[in-house]
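Notes follow once the structure below has been shown.
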């Protein structure tokens, strides 16, 4: 056993896991690969120790290490989160110090001090921990190639999180550049659970190497799976009395007493909530019931100020918290030792997500991870039962990598033009070697080149435009001036967010930020719950909402956006399979037995749809004529489908139809009865003219205009400005909206506009899933069923519609409750055979 | 041409969908915030703005001048965006336009963007008046006065816009005219200019300009017509 392995065994107190050994061996053999292992299994050491072993083997004379100068940049570690960078650095420092390696390690993120940045201008450390943006920034300096000359390894942490984003594309492009400089570069990725791990590996590696550096089969990039998967147990809190008319989006605090009873008995717990506003509510409700837990219960969500979140994360690491109420903000990265118990409040939404959250519990490697589901309405019982099937069958969701985001390419061209310039053919080949741009057409490449050199096709002869220009003698492309390079560096980075407003106490302390649209709806004096505090809006000024503590909270609870992720295809399918089980009289899980009366009632007043049936219920209420369809494809798909059906039905004969959706289905509401035969249904559920009809009905221009905000920033059209900016830069400020408008009017063929439309269709409307849904429907039996009263499946849609169209939440819940009572009274009691 | 007429402090004005106001009695066309040269200025700094905005401005200006047969143009400031934007190409096409419109008087109140540019364009035969222009009991200026004006005032500078909400749809921002009690704001005329949402007061006459159809939308509540 070599020196490093020996140290590992001593330090960790156990022999290395197989996947760690495998990774080290592969690394020593010069291979690249993707390592997949659950949180807390030692992934970091799996990929970090290989390079150290290799260095030790090459420098066997350990006595001389102390006098050696630190080796130049050898290992580059890319992480998606700045917060994570600090954690990683301290983990990596441990072996370096204890092995006595003469290595240096530094961070390079936006948070790093100017002094360190200045030092890194002359020399980079042996190990550099950085983010995709900071790496791009390093590539934008003219001496980049020299600084990276000795780089041998790149590690990309949390690749599952990066891959499906523009930052992932940015990473792909940067890696292609590093591989051009060192064709033998070894790339290692770390990833959590997802369905397309092979693809994730291929995306990270780019096109296979060819020619002199092509890999023999034994050295192809590999996929290493962490062997001892923690087994995952999913349990559900079953309510004592089940409402047979569940409604979506009600506050869901009904199970609070049971959750509190569970919390009484555990040392530490994470309570995952799907939306930030609900997290605020749970946090307040827990402290109201357990006032003595102040200081032991904390709140963590993405809108809270980074400093507040850091504090909570530190306390988590220290193990002093009883419970953290959190959202997906704790899904990623943040490393802390596992907790005793994980709760998932509300729909699990996806199999991978529930698995990852469950993985936060269970102390020892190999221990069981347990997650306790807390349903906020009855159907979620089925979702937890379905998620259990999904976990056992490994029906895990995939994350698709992005395809040709032209804004990221444009940014990269300017980055490389600033970083020493480029030869067009070389860079073209390099870009084509990435997965994201492997299918880039020559025309699109030409367009991107024109855009950075001439400003776009419409500007063919414009004499004064300059951003990137070709050298007269070498033919290399470089930025036209240092001013351009400087401006570009200020705007590098693809992370963008909605316009958000800072929430700050009048007396100075920053609490976090919320969407501008949320604050815009409030008036001065209005109260809302944020960061666990009842607050009152005092004034808004310069994108800051000044607040003070309110003495009491008004009954109206604000909702803000986010957290409306749809039920995944995998989970939705598993839910339908559970319906089929119920149809065949199989109620094997506790959840299914609990929800049985509800399913019986559905069968009694309507139909329980089988997997190959599309149920369409029709009903008439005081509100109008309702049609309820249940495709079970998640809310985004249903949103697109609802708009599409409303539009197509109105084409058949003019009428006004509104659509309401949830994860299971959609409601169409029309003032007049809609009696459609099967042929008509088939005609409006066709995939023909899908894109055209969607664009026509969705106010797509407006959606694209909004999507363009991010694109304009990535492509370098917008300067966010910086402190001490001169008047010249102020005169250069224009909104993305204005760019969208002038491009539409004066350069309609601009590919960035095209990208905005594509992103709306693909990301906001999930057009691929929508198309699949429609294709599936063509093979399904259409079951039309007039219903005398709302069925359990229809009721949540009716309630959702009511909520979207009514003013206060109090009035809404009163009406929903009254309706539920009325339905419950008229519904026949269902005899439940026990067992 | 879509036009809304209104009488304000005894003067009749026609609001035009091309984002100008025709002052009927004085046969004068009034525009604000043209920002000629803004696209050029951006391009020189490496920001790709498509070609054609200046030409579009001139086309729209011509359309209004022809339709109204105005014999004078009053510009409420920011006719030009920045000195660096005054490219040869731009000055050539402006000079050519000026030769075609030789009989037109052009009064320019300087704005914050072109306060020091009156020497830069002698060939355009512009009558620069500073800091404000007064005529027939009305004041014409670039930025609106900080306090309520003592004399009815027409101004630009703000690039006023209103936000329209429709249930279930993203909201829409549209440039607008806003005629208040003593202050009338004009929308920015230039094709490459942004906008800034305003909060009209009760009784203000607000007329929005639809971006594509080039039509006007009167948003004024019925009871509150301007005096």
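Protein chains in written order, with the numbering used here: chain P, 1 to 835; chain A, 1001 to 1227.
Where a beta carbon is used, it is the ideal one built from N, C-alpha and C, also for glycine.
All values derive from a computational prediction rather than experimental measurement.
Taking only three categories from DSSP, how would you classify residue i?
{"i": "residue 836 of chain P", "result": "Absent from the structure is residue 836 of chain P, since the part of chain P shown begins at 1 and ends at 835."}
{"i": "residue 561 of chain P", "result": "Residue confidence is low: residue 561 of chain P scores 47 on pLDDT, short of 50, so the model does not pin down where it sits. No coordinate-derived value is stated."}
{"i": "residue 796 of chain P", "result": "helix"}
{"i": "residue 785 of chain P", "result": "strand"}
{"i": "residue 340 of chain P", "result": "coil"}
{"i": "residue 103 of chain P", "result": "coil"}
{"i": "residue 1167 of chain A", "result": "Low confidence applies to residue 1167 of chain A: its pLDDT is 47, below 50, so where it sits in the model is not reliable, and the reading given next is rough at best. Reduced to three states, the DSSP call for residue 1167 of chain A is coil."}
{"i": "residue 523 of chain P", "result": "coil"}
{"i": "residue 632 of chain P", "result": "coil"}
{"i": "residue 779 of chain P", "result": "coil"}
{"i": "residue 728 of chain P", "result": "At residue 728 of chain P the pLDDT is 47, less than 50, meaning the model places this residue with poor confidence; the figure from the coordinates comes in the next sentence. Helix, per DSSP."}
{"i": "residue 50 of chain P", "result": "helix"}
{"i": "residue 740 of chain P", "result": "helix"}
{"i": "residue 448 of chain P", "result": "helix"}
{"i": "residue 235 of chain P", "result": "strand"}
{"i": "residue 754 of chain P", "result": "helix"}
{"i": "residue 373 of chain P", "result": "strand"}
{"i": "residue 819 of chain P", "result": "helix"}
{"i": "residue 292 of chain P", "result": "helix"}
Compare the C-alpha of residue i against each of the options and name the closest.
{"i": "residue 709 of chain P", "options": "P:688, P:756 and P:667", "result": "P:756"}
{"i": "residue 98 of chain P", "options": "P:11, P:115, P:108 and P:546", "result": "P:11"}
{"i": "residue 1162 of chain A", "options": "A:1039, A:1204 and A:1128", "result": "A:1204"}
{"i": "residue 296 of chain P", "options": "P:312, P:692 and P:201", "result": "P:312"}
{"i": "residue 718 of chain P", "options": "P:431, P:407 and P:619", "result": "P:407"}
{"i": "residue 677 of chain P", "options": "P:759, P:347 and P:786", "result": "P:786"}
{"i": "residue 1112 of chain A", "options": "A:1122, A:1103, A:1136 and A:1143", "result": "A:1143"}
{"i": "residue 1094 of chain A", "options": "A:1174, A:1070, A:1126 and A:1074", "result": "A:1126"}
{"i": "residue 567 of chain P", "options": "P:350, P:638 and P:527", "result": "P:350"}
{"i": "residue 1155 of chain A", "options": "A:1020, A:1007, A:1058 and A:1010", "result": "A:1020"}
{"i": "residue 869 of chain P", "options": "P:653, P:712 and P:647", "result": "The structure shown has nothing for residue 869 of chain P, since chain P only spans 1 to 835."}
{"i": "residue 1072 of chain A", "options": "A:1104, A:1200 and A:1082", "result": "A:1104"}
{"i": "residue 1065 of chain A", "options": "A:1042, A:1024, A:1035 and A:1076", "result": "A:1024"}
{"i": "residue 654 of chain P", "options": "P:660, P:645 and P:661", "result": "P:645"}
{"i": "residue 433 of chain P", "options": "P:130, P:171 and P:159", "result": "P:171"}
According to DSSP, residue i sits in a beta bridge with which residue or residues?
{"i": "residue 1162 of chain A", "result": "A:1174"}
{"i": "residue 477 of chain P", "result": "P:422 and P:470"}
{"i": "residue 222 of chain P", "result": "P:33"}
{"i": "residue 191 of chain P", "result": "P:36"}
{"i": "residue 1012 of chain A", "result": "A:1007"}
{"i": "residue 619 of chain P", "result": "P:626"}
So residue i is in the beta strand (DSSP E); what residue range does that whole segment cover?
{"i": "residue 1209 of chain A", "result": "1205–1209"}
{"i": "residue 326 of chain P", "result": "323–326"}
{"i": "residue 546 of chain P", "result": "544–549"}
{"i": "residue 1192 of chain A", "result": "Segment: none, residue 1192 of chain A is in no beta strand (DSSP E) and carries neither H nor E."}
{"i": "residue 1135 of chain A", "result": "1133–1135"}
{"i": "residue 1105 of chain A", "result": "1105–1108"}
{"i": "residue 1155 of chain A", "result": "1153–1155"}
Along the alpha helix (DSSP H) that carries residue i, what are the first and last residues, could you check?
{"i": "residue 1093 of chain A", "result": "1088–1100"}
{"i": "residue 382 of chain P", "result": "379–392"}
{"i": "residue 1123 of chain A", "result": "Element bounds for residue 1123 of chain A: n/a, residue is neither H nor E."}
{"i": "residue 6 of chain P", "result": "3–12"}
{"i": "residue 1063 of chain A", "result": "1053–1068"}
{"i": "residue 534 of chain P", "result": "Where residue 534 of chain P is concerned, there is no enclosing alpha helix (DSSP H), although the beta strand (DSSP E) it sits in stretches over 533–541."}
**Report entry** Three or more C-beta pairs below 8 Å linking the segment 442–458 of chain P and the segment 405–420 of chain P
**Finding:** The answer is yes - the segment 405–420 of chain P touches the segment 442–458 of chain P, with three or more Cβ pairs under 8 Å.
**Report entry** Sufficient close CB pairs (3 or more, under 8 Å) joining the segment 70–77 of chain P to the segment 119–128 of chain P
**Finding:** Contact between the segment 70–77 of chain P and the segment 119–128 of chain P is present, because at least three Cβ pairs lie under 8 Å.
**Report entry** Contact the segment 381–399 of chain P vs the segment 416–432 of chain P: 3+ CB pairs below 8 Å
**Finding:** Contact fails: fewer than three Cβ-Cβ distances are below 8 Å.
Query raised in the report: Do three or more CB pairs link the segment 254–266 of chain P to the segment 504–511 of chain P at distances below 8 Å?
Result: Contact fails: fewer than three Cβ-Cβ distances are below 8 Å.
Query - Inter-stretch contact (C-beta, 8 Å, three-pair minimum) for the segment 669–683 of chain P and the segment 366–379 of chain P - result: Contact fails: fewer than three Cβ-Cβ distances are below 8 Å.
Report task. Examine the Cβ distances between the segment 611–629 of chain P and the segment 654–672 of chain P and report whether three or more of them are shorter than 8 Å. Result -> As far as the Cβ criterion goes, the segment 611–629 of chain P touches the segment 654–672 of chain P, which means the pair count is three or higher.
Query raised in the report: Would the segment 590–600 of chain P and the segment 760–770 of chain P be scored as touching if the rule is three or more Cβ pairs under 8 Å?
Result: The segment 590–600 of chain P is not in contact with the segment 760–770 of chain P.
Report task. Anything in the segment 392–423 of chain P with a Cβ closer than 8 Å to a Cβ of chain C? List those residues in chain order, please. Result -> As a matter of chain content, chain C is missing from the structure shown, whose protein chains are P and A.
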